[in-house]
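Trainee:
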Amino acid sequence: MIRGFFRLIGLLLLAGGFFFMVYDGARWVADQTLRFTRFGQFWNDINQASQSAFRAWVEAKAPWLWTSVIRLVLDQPVFAVLGLLGILLMILFRPRKPLIGYSRD
């Protein structure tokens, strides 16, 4: 059951990534300038206080992690981050292959 739940979350993240790819593409057609929505900007638009609290927490635990890893993720396009997380969840929680020659009782 948990596996199905995480696969559902992965599918929703993939759908969100596709939505932002279409959104950025439509903005490119309308403005004739290619600008991607950054993940950090998207997180700020949703809840700015949580991003600030997360930054303070990470900098208190491991300051190098914010500057080298998380900052890099926040500068990526939303569709890439959501799509990658969705694909990762779909692969990690895929159904088990059936056993050949054995029965499950």
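Using full-length UniProt numbering, the first residue of the sequence shown is number 1, and each one after it goes up by one. We treat Cβ as the ideally placed atom computed from N, Cα and C, and that holds for glycine.
1) Between Phe-54 and Val-78, is the Cβ-Cβ spacing less than 8 angstroms?
2) Drop a sphere of 10 angstroms on the beta-carbon of Leu-92, count the other beta-carbons inside from all chains shown, and report buried for 16 or more, exposed for fewer.
3) Around the Cβ of Leu-13, are there at least 16 other Cβ atoms within 10 angstroms (buried) or fewer (exposed)?
4) Return the CA-CA distance between Gly-86 and Tyr-23, expressed in angstroms with no decimal places.
5) Is DSSP giving Arg-38 helix, strand or coil here?
Mentor: Concretely, from the data shown:
1) No; because the gap between Cβ atoms is not below 8 angstroms, this pair is not in contact.
2) Under this definition Leu-92 is an exposed residue.
3) It is buried - the Cβ of Leu-13 has at least 16 other Cβ atoms within 10 Å.
4) Cα to Cα, the separation comes out at about 18 angstroms.
5) Strand at Arg-38.
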